[in-house]
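Notes follow once the structure below has been shown.
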Amino acid sequence: MPSRRTTDRSGTAPDPGDEVVLTVLGCDGSWPGPGGAGSGYLLRIGDTTLVLDAGPGTFAVLQTFLDPSEIDAVVISHHHTDHWTDLYAMDTQARFGGRRGRLPIYAPTAVVERADPERTPALDWRTVTHGDRAGIGEASCAFHRTDHAEETLAVRIDGAGRALGYSADTGPEWSPEVLGTGLDLLLCEATYTAEFEGTAGHLSGRQAGAMARAAGARRLVITHRLPSVDARAVVEEAEDAYGGPVEQAAIGKEFTL
Ligand SMILES: [Zn+2]
12 MPSRRTTDRS
22 GTAPDPGDEV
32 VLTVLGCDGS
42 WPGPGGAGSG
52 YLLRIGDTTL
62 VLDAGPGTFA
72 VLQTFLDPSE
82 IDAVVISHHH
92 TDHWTDLYAM
102 DTQARFGGRR
112 GRLPIYAPTA
122 VVERADPERT
132 PALDWRTVTH
142 GDRAGIGEAS
152 CAFHRTDHAE
162 ETLAVRIDGA
172 GRALGYSADT
182 GPEWSPEVLG
192 TGLDLLLCEA
202 TYTAEFEGTA
212 GHLSGRQAGA
222 MARAAGARRL
232 VITHRLPSVD
242 ARAVVEEAED
252 AYGGPVEQAA
262 IGKEFTL
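Number 45 in this note's numbering belongs to position 34 of the sequence shown; there are no gaps in the numbering.
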């Protein structure tokens, strides 16, 4: 069953070596709650440093862990503003903060259109779509379209002998099973509790737990909870459906795969 290897080391900068470490930079669904931030995650695979999504408030948190000049690339799941608008701050920092070379951004077309490459000269835009793969340092990324607005891309990332799945935002007509077998950790959205199922293109804790179980994910971390929804209630129904411990993302939490 899933193991608990969570540590909360906000503000520290551990040397991951060849470890794969996921750090939560922000995990609030749809809008940042009090003291919170939109969606954003730091993923370190050996010497490769990726950022998954760059929602509002996440870039400030990122800098408590590392110098942003160390980022190799950013992967953006979709165009909704809770997932990407800190790219503007990253662009400005890249221009004036001493970064060498432009910062590669892997994103669906709708993000590129909204962000506007002319406004982000320090960002090196690389459009990705369903079925694409990208190699970024030690990371191998595979993109899959989810059940969400326009084109939203989930991603499976393999590296250093580990595999991470990230659902991005999705409704119930998608399944992490399409990411393939052998997921060491599934980072899955669980925006609300079961009573709200069907009210928006998102998952409840119950649905996220059932999907993770069907996909055979070894660990489940749920994220993207609406600030107005009770965290404990979402975890409890996710654990019931998953059949094991489920962890709730929180700013500064680290997960070693
Ligand atoms: Zn969202």
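All C-beta atoms in this analysis are idealised placements derived from N, C-alpha and C, irrespective of residue type, glycine included.
Apart from the 5 residues on each side of it in sequence, tryptophan 185 sits with its Cβ closer than 6 Å to the Cβ of Thr157, Asp158 in its chain, given in chain order. In the structure shown, glycine 37 falls within a strand segment according to DSSP collapsed to helix, strand and coil.
The beta carbons of valine 35 and isoleucine 262 sit closer together than 8 Å. Relative to valine 31, the option among Pro183, Gly37, Ile168 whose CA is nearest is Ile168. Glutamate 124 sits in a helix when the DSSP states are folded into three classes. Relative to ligand 1, the nearest heavy atom lies less than 7 Å away from the CB of serine 41. Residue pairing by DSSP places histidine 155 opposite Ala165 in a beta bridge.
Alanine 126 is not a Cβ neighbour of leucine 114, given a cutoff of 8 Å. Taking one beta carbon from each stretch, the stretch 202-210 and the stretch 185-194 have fewer than 3 pairs nearer than 8 Å; the two do not touch. If you check the CB distance, proline 67 and leucine 73 do not come in under 8 Å.
Taking a 10 Å sphere around the C-beta of threonine 140, we find fewer than 16 other C-beta atoms and assign the residue as exposed. Relative to ligand 1, the beta carbon of aspartate 169 is positioned no closer than 7 Å to any heavy atom.
Ligand 1 has a heavy atom closer than 7 Å to the beta-carbon of serine 50. Judged by beta-carbon spacing, threonine 202 lies within the 8 Å limit of glycine 40, meaning their Cβ atoms are closer than that value. Taken atom to atom, the span from the alpha-carbon of glycine 172 to that of alanine 252 is near 28 Å. For the pair leucine 175 and leucine 33, the CB atoms are nearer than the 8 Å cut-off.
Taking 8 Å as the upper bound for CB-CB distance, serine 88 and threonine 138 are not in contact here, some 14 Å apart. In this structure, aspartate 143 lies away from isoleucine 116, with their beta-carbon atoms at least 8 Å apart. With a cutoff of 7 Å, histidine 90 does not count as near ligand 1, since its C-beta is closer than that to no heavy atom of the ligand. In this structure, Leu196 is the residue among Pro132, Thr204, Leu196, Thr75 with its C-alpha nearest to the C-alpha of glycine 170. Remark: C-beta atoms of glutamate 161 and threonine 181 do not approach each other more closely than 8 Å.
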